[in-house]
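Protein chains in written order, with our numbering: chain H, 1 to 351; chain A, 352 to 708.
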């Protein structure tokens, strides 16, 4: 565990500085009045280093938020130890803790009429006095952060006029102006459209890779997590966490095992989830490139089993790209039919 | 939706203008409050009385010094206190409908006053015999006692109850329970005592003498000073308690100070002027809309100015200048204020002003 499998070059740095976040035998859950506490996960031994982007993934309700709230000090742990930069979490005074860890939470905020730079400047609270007088340096940090996150052009806009994606970036900027070593985000992509999700994940990866932050985020966007994360913490419904590079977890089957549910299957070839193929009618498909992939998806949806070899008697489908147009051809029982679109092709196929 | 950026400097100039405008407005309203009423006194003589010039009618000097001046100051102070209390409650509960009395401070005061006025007939004059009908200062004592009791209860409960919404519900329930007791007292009371109680519950800036005014001013000054320590904390609360905590703020302490300041402010006003509605909920909204911000560094001075102005305007209208009639303050604030706030709220851009609930 830890950094055993990571590259040589970070081995030297790590001997000098302790991991940004380290938990040992951590038990998380909810204290339940006088009754016995509700246990969410136990015996968690996790490490997170500077410059690393970790995605915490797992099915709904396994306790991802509980873990994130516990390591940021928002919720007390039940047992075990959490260390931030080699010092116990509880040993930090509130302000010092705020310059170690900052957060972006799931729920959209509603601050009323506030400009982007004002909101980002709130990240300087741990550094300013009682009356929040901002020094020149404080404003420099704010403006530099807005630039890094890519929202410097929005700095005079009101927050409520921004799109969801822009607002999420501003919330990330606010968290960064706290100049934390560890940035923790709880489902930052939940309310965003697909391009917005990619942009945020790119940004988080860049903050870790290019700015040496330790970044921990929970997410339900598994394909994005697989693509962007340096490591994945895979949490199953027993509260176990498996750590590893995304590719390792796919290849050793942990990924499929955690998410397998009736009717849904993880396809290690494409890195995506598929509804299980229940079709009895099989077809043979020929072709190449994106045309082949998208045709295959359409056939899956139509409930057909796409075979790699031709079984005599079953339909044979060819994708024939010609210049700018594509033709789909079905050959069955010696008859050949051509179609100009996938839609027409599906109409002609047996149900 | 307005997508053109408001540059920070043009915004600042606008705000300075607004502050100046309100200062002038307050000055004008103050002088008008002294000049107008059942008897009109020329403005130049008002000025003469204020700087102590000789040769002005004795009756005018008496009216200004003992009736209109304390009334105008009471109105200004009450307006400031209610607005300050309302702003803090709205931010802390993240609720645009929160007002200074949401935690039941006024219910406590009402119960105190009801016991003083109505309770004495109830228990045949044995109970609280000193607090007789019409004794203005005894009403203040009774109201302070009731408000203080609720204040202590809120601070105590606030230490145990972490969830603001739970606190809100507890406050509401407490209000209902006290109203029930007050209704019970009214039900069994003589009509003239009921009338005395209703008159108190209508609210009034008159009848506060100089001694009472100085006590009230001191308490309100303390409450506003406490709030002046909080712009940073209140701004952090706009993001929610979780964010506030991760920014290194002591949320427990912050909440205690907010509760203390807001309760002391609303308690002081209720004790001296009765339960005055509307100003506390409306002024913060007017401030957010006019100054186009929810930043408490600007809102706090803004609500102090607007609160004083609105309250003095209400006091002026209540006098019905030129007539012998005086309207209850609550009638004026609601009757004239409600349409104004409706206009302000409908005019604003979506989501721009307060919390987008």
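Built from N, CA and C at the ideal position, the CB exists for glycine as well.
Check: When you compare the CB positions of residue 407/A and residue 414/A, do they come within less than 8 Å of one another, or not?; Outcome: no
Check: Quick check for students: name the residue ranges of the alpha helix (DSSP H) that lie wholly in the segment 36–115 of chain H, counting only runs of 4 or more.; Outcome: 64–71 and 94–98
Check: Indicate the three-state DSSP secondary structure (helix, strand or coil) for residue 499/A in the structure shown.; Outcome: helix
Check: Three-state secondary structure (DSSP) at residue 557/A?; Outcome: coil
Check: In terms of alpha-carbon separation, which member of 526/A, 441/A and 500/A lies closest to residue 633/A?; Outcome: 441/A
Check: Please identify the residue among 543/A, 383/A and 371/A whose C-alpha is closest to the C-alpha of residue 673/A.; Outcome: 383/A
Check: If you draw a straight line from the alpha carbon of residue 109/H to that of residue 559/A, how long is it in whole angstroms?; Outcome: 44 Å
Check: For the beta strand (DSSP E) containing residue 267/H, list its first residue and its last residue.; Outcome: 264–267
Check: Rounding to the nearest angstrom, what Cα-Cα distance links residue 617/A and residue 580/A in this structure?; Outcome: 18 Å
Check: For residue 101/H, would you say it is in contact with chain A, using Cβ-to-Cβ distances shorter than 8 Å as the test?; Outcome: yes
Check: For chain A, check one thing: does any of its Cβ atoms lie closer than 8 Å to the Cβ of residue 109/H?; Outcome: yes
Check: Given a cut-off of 8 Å, decide if residue 644/A and residue 361/H are closer than it, judged by their beta-carbon atoms.; Outcome: For chain H, the structure presents residues 1 to 351; residue 361/H sits outside this window and is missing.
Check: So with CB distances below 8 Å, who are the chain A contacts of residue 95/H?; Outcome: 599
Check: Hey, out of 684/A, 410/A and 369/A, whose CA is closest to residue 626/A's CA?; Outcome: 684/A
Check: Which one or two residues does DSSP pair with residue 306/H in a beta bridge?; Outcome: 283/H
Check: List the residues of chain H that residue 587/A touches, going by C-beta distances under 7 Å, in chain order.; Outcome: 122 and 125
Check: Spell out a yes or no on whether the segment 71–90 of chain H and the segment 237–248 of chain H are touching, meaning 3 or more CB-CB pairs, one atom from each, closer than 8 Å.; Outcome: no
Check: Would a C-beta distance cut-off of 8 Å place residue 582/A and residue 132/H closer than the cut-off?; Outcome: yes
Check: Can we count residue 137/H as close to the ligand COA, meaning its CB is less than 7 Å from some heavy atom?; Outcome: Looking for the ligand COA in the displayed structure turns up nothing, as the structure carries no ligands at all.
Check: Using the three-state DSSP reduction, which class does residue 32/H fall into: helix, strand or coil?; Outcome: strand
Check: For residue 105/H, return the contacting residues in chain A, with the cut-off set at a CB-CB distance below 8 Å.; Outcome: 591, 593 and 594
Check: Are the beta-carbon atoms of residue 436/A and residue 451/A separated by less than 8 Å?; Outcome: yes
Check: Where residue 61/H and residue 226/H are concerned, what is the direct C-alpha to C-alpha distance, given to the nearest angstrom?; Outcome: 20 Å
Check: Can the beta-carbon of residue 101/H be found less than 8 Å from the beta-carbon of residue 215/H?; Outcome: no
Check: What's the C-alpha gap between residue 423/A and residue 597/A?; Outcome: 45 Å
Check: For the segment 562–580 of chain A, enumerate the residues whose C-beta is nearer than 7 Å to any C-beta of chain H, in chain order.; Outcome: 580
Check: So is residue 781/A in contact with chain H if we call contact Cβ pairs under 8 Å?; Outcome: There is no way to answer for residue 781/A, as the model of chain A reaches only from 352 to 708.
Check: Along the segment 171–194 of chain H, where does the CB come closer than 8 Å to a CB of chain A? Name the residues.; Outcome: 178
Check: Could you check whether the Cβ of residue 583/A sits closer than 8 Å to any Cβ belonging to chain H?; Outcome: yes
Check: Can you name, in chain order, every residue of its own chain whose Cβ lies under 8 Å from the Cβ of residue 97/H, other than the five neighbours on each side?; Outcome: 73, 84 and 89
Check: For residue 48/H, decide whether its Cβ has a neighbour in chain A, counting only Cβ atoms nearer than 8 Å.; Outcome: no
Check: Is residue 98/H close to chain A, meaning its C-beta is less than 8 Å from at least one C-beta of that chain?; Outcome: yes
Check: For residue 1/H, which residues from the same chain have a beta carbon less than 6 Å from its beta carbon, with the 5 sequence-adjacent residues on both sides left out?; Outcome: Reliability of the predicted coordinates at residue 1/H is poor, the pLDDT of 39 falling under 50, and no value is obtained from them.
Check: Output the distance between the C-alpha atoms of residue 682/A and residue 601/A, rounded to the nearest integer angstrom.; Outcome: 41 Å
Check: Which residues bound the beta strand (DSSP E) around residue 336/H?; Outcome: 335–339
Check: If I measure Cβ to Cβ from residue 40/H and keep anything under 7 Å in the same chain, skipping five residues before and after, which residues do I get?; Outcome: 28, 29, 63, 66 and 239
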